[in-house]
Each structure stands twice: as structure tokens, then as C-alpha cells.
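Numbering-wise, the working numbering puts 463 at position 98 of the sequence shown, and it's gapless, one number per residue. Every residue gets a Cβ at the ideal spot worked out from N, C-alpha and C, and that includes glycine.
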Amino acid sequence: MSMGHCKVTEEQKRFFHENGYVHIPSVLTEEEMQKHIDPWFTAFLKREIVPEGKDLCDASGIHPQMNPDEFTVYNVLLPRKYNPSQQGNLFEQRCKEIADQLHGGDMHIDYDQILAKRPGSKDSVFAWHQDMAYWPPFTSSTATATCWLAVTDSTVENGCMRFVQGSHREPNIRQHFPVAGSREESHALCTHVDEEKENVVHVPIKRGSITVHDERVVHGSGANRSNVWRNAYVLAFRKAECIKEEREHGFTHSHNDTHSWDAFNKWTKQ
């Protein structure tokens, strides 16, 4: 694969729009992972780079105020903000090309996120949700390509991504609820999925590979039952006008943002 070029096949485009997600293997080689991802990713996990306030939290939503050494889903919001030197790296270049091909161009980075699941942690579940439930419902475009990079191999045992295939085509966003307490207490949201009846698909992927999903597909990930960390990096792209509208309303995807959640209650039940 060339320095910045990543070609999306017609079959991958079809699969993405039909199912709400797609697996794109080997976006980064092992050498590229070691050069462009591992140094800063490790620095965040070792807390050599420390985000402000709630931008370091437990994404399981169960124990939002506990010590970071006890987090079950170690979550860093907006690492690019706290470590500007990683901006513009090879992974960003390739994901930009992927997002543009999936959505016809004009796709730009909206936010990024580190997610690391503690080994042997039954609570390290990322609850079923739709990304749109977290976001303002008033933007002119909602088109999204969220690139989820496996920093370690991602397996069913350690909590790989799972999707309700085709759920992005449902006419309405499902009702969502705070995982614990209120939206102010726990940022994490969840929605109901009947795993016996709905078309749930687990997508294990190798280190350096990605899944890409849209803003409406129902997804989440299971607990890490393995004896090693399961690490991932998320880079989300949206249309320029959408990002502009979010920022004009003070929405940056930081957990430190101050909001009246009334505007979000179109999706969320408090």
C-alpha cells in the first residue's frame, strides 16, 4: 500500500451501505503500526500524556469516577488534542481516503478516541448503542465513517466489534438510556438488542486492520475474557458542514463539554 493511498473496492462500498459497516484488512503494516501508532498510544496508556478532566474515563459507564488503574474500558477522548504531534499521520491520511470514497468526498476528522479493555474483566462491555444517540440531532448532514483500528488483534474472546447488521436502515434511532445514573454522571448510553432474534455479527480483525461503521448502525463489543489487553483506536470522519454546526453549538465530543442534554432527548431517555 502506498504512503497515503487506500483503495476501497466496489464490493466494500456496497457492503458498507447495505450493512452499516465494513471490514478493511491490513490498512497499516506491522512496521507502520510500530512507527505511526504504538509510540503515542503507549504514552497515553502509561499516562505519560494525561487528558484533562473527564476526557480520561471508563467507557463501560459502570464506574465513571474510579481510579484509572481500575478502569475496565480505559477511554481517552480526543488524543489528537492532547498530543498534536500525532496529527496528520499515515493512518489519518489513509482513513481520510477511505471515508471520502465511502461518502463521496468532503469528509474530515470530527473526533478520535482510545479504547483499551482490561484483561479478564467481565465488566469491560461497551454497551449496544448507535453513535447518533450521542450526538446533536440538528446537523444538516449525519454521514459518518468511523474507522476502528485494531491496535492488538481483536477477537470474540477479547471483545471485538459486533454489529446488528442492517440496523442502520431502521427509520428511527432507537431509544437510548444512560448506562448508570444520568447523562451527567455516566456518559455511556445503551439501547436494547434482542441478541437471540436480531442479526448480530461479531467481526474479529487483525492488528493493523479496521472496521468502518456509519452513524446509525447498532454496535458494541463484549467483555475481554482473555489474559491480554484489547486495544483499539477510533478515528471518526464527518462532513465539513456537520462539524462546523457541531462546534457552533459548543459540541466538541469532549466529556468536559457543558451541555443542556434537553437538545439530545430526541434519542435519549433520562
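Could you check what DSSP says for cysteine 607 in three-state terms: helix, strand or coil? The residue you call residue 607 lines up with position 242 of the sequence shown. Three-state result, cysteine 607: helix.
Going by DSSP in three states, alanine 553 sits in which element: helix, strand or coil? As a working mapping, residue 553 is identified with position 188 in the sequence shown. In this structure, alanine 553 counts as coil in the three-state DSSP scheme.
Can you find the residues in the same chain that come closer than 8 angstroms, C-beta to C-beta, to methionine 398, ignoring five residues on each side of it along the sequence? Stepping through the sequence shown from its first residue, residue 398 is reached at position 33. If we look at methionine 398 and ignore the five residues flanking it on each side, its Cβ neighbours are Val516, Arg572, Gly573.
Leaving out five residues before and five after serine 532 in sequence, what residues of the same chain have Cβ atoms less than 6 angstroms from its Cβ? The residue labelled residue 532 in the question sits at position 167 within the sequence shown. Excluding sequence positions up to five before and after serine 532, its CB lies within less than 6 angstroms of the CB of Val582, Val583, all in the same chain and listed in chain order.
Neighbourhood of histidine 552 by C-beta distance below 6 angstroms, restricted to the same chain and skipping five residues each side: The sequence position of residue 552 within the sequence shown is 187, counting from 1. The answer, listed in chain order, is His620.
Same chain, Cβ closer than 8 angstroms to tryptophan 405, five either side skipped, listed in chain order: Taking the first residue of the sequence shown as 1, we reach residue 405 at position 40. Once the five neighbours on either side are set aside, the close Cβ partners of tryptophan 405 are Ile414, Pro444, Asn448, Ser450, Gln451.
Where glycine 418 falls: helix, strand or coil (DSSP): As a first step, residue 418 is located in the sequence shown; it is residue number 53 there, counting from the start. The three-state reading of DSSP puts glycine 418 in helix, counting H, G and I together.
Three or more C-beta pairs under 8 angstroms: does that hold for the stretch 601-610 against the stretch 506-516? yes
Count the other C-beta atoms from every protein chain shown that fall within 10 angstroms of the C-beta of lysine 461, then say buried if there are 16 or more, exposed otherwise. Translated into the one-based positions of the sequence shown, residue 461 becomes position 96. Buried, since its Cβ has 16 or more Cβ neighbours within 10 Å.
Rounded C-alpha distance that separates tyrosine 439 from threonine 623: Taking the sequence shown and counting its residues from 1, one reaches residue 439 at position 74. Taking the sequence shown and counting its residues from 1, one reaches residue 623 at position 258. Cα to Cα, the separation comes out at about 22 angstroms.
Starting from valine 566, follow its DSSP beta bridges and name the residues at the other end. Counting from one through the sequence shown, the residue named residue 566 turns up at place 201. Note: valine 566 sits in a beta bridge opposite Phe528.
Residues that glycine 385 bridges to, as DSSP identifies them: By 1-based counting over the sequence shown, the position of residue 385 is 20. BP columns for glycine 385 are empty, so no partner.
Between the alpha carbons of valine 566 and arginine 527, how many angstroms are there, rounded? Here the question's residue 566 lines up with position 201 in the sequence shown. Here the question's residue 527 lines up with position 162 in the sequence shown. Approximately 5 angstroms, taken between the alpha carbons.
In the structure shown, what three-state DSSP assignment does phenylalanine 491 receive? As a working note, residue 491 is residue 126 in the sequence shown. Residue state, collapsed to three classes: strand.
Alpha-carbon spacing of valine 521 relative to asparagine 589, whole angstroms: Here residue 521 refers to the residue found at position 156 of the sequence shown. Here residue 589 refers to the residue found at position 224 of the sequence shown. Spanning the alpha carbons of valine 521 and asparagine 589 requires a straight line of approximately 8 angstroms.
What is the rounded straight-line gap between the Cα of phenylalanine 616 and the Cα of asparagine 592? Looking up residue 616 in the sequence shown gives position 251. Looking up residue 592 in the sequence shown gives position 227. Using only the alpha carbons, I get a separation of about 37 angstroms.
6 angstroms CB neighbourhood of isoleucine 463 in its chain, flanking five on each side removed: Working through the sequence shown from its first residue, we reach residue 463 at position 98. Around isoleucine 463: Cys371, Val373.
What number of angstroms, rounded off, separates the C-alpha of glutamate 535 from the C-alpha of valine 529? Working through the sequence shown from its first residue, we reach residue 535 at position 170. Working through the sequence shown from its first residue, we reach residue 529 at position 164. Distance between the alpha carbons of glutamate 535 and valine 529: 11 angstroms.
Residue from Glu611, Val544, Arg603 whose Cα sits closest to the Cα of valine 577: One-based indexing of the sequence shown puts residue 577 at position 212. The residue with the shortest Cα to Cα distance from valine 577 is Arg603.
Please identify the residue among Ala424, Asp496, Phe456 whose C-alpha is closest to the C-alpha of phenylalanine 436. Against the sequence shown, residue 436 aligns to sequence position 71. When each option's Cα is compared against that of phenylalanine 436, the closest is Ala424.
How would you write the range of the alpha helix (DSSP H) that histidine 401 sits in, first residue to last? In the sequence shown, counting from the first residue as 1, residue 401 sits at position 36. 395-401 is the span of the alpha helix (DSSP H), which, as asked, contains histidine 401.
Rounded to whole angstroms, what is the Cα-Cα separation between asparagine 432 and cysteine 422? The residue you call residue 432 lines up with position 67 of the sequence shown. The residue you call residue 422 lines up with position 57 of the sequence shown. Their backbone Cα atoms lie some 9 angstroms apart in a straight line.
Continuous beta strand (DSSP E) stretch holding leucine 514: start and end: On the sequence shown, residue 514 is found 149 positions in, with the first residue counted as 1. Where leucine 514 is concerned, the enclosing beta strand (DSSP E) stretches over 509-515.
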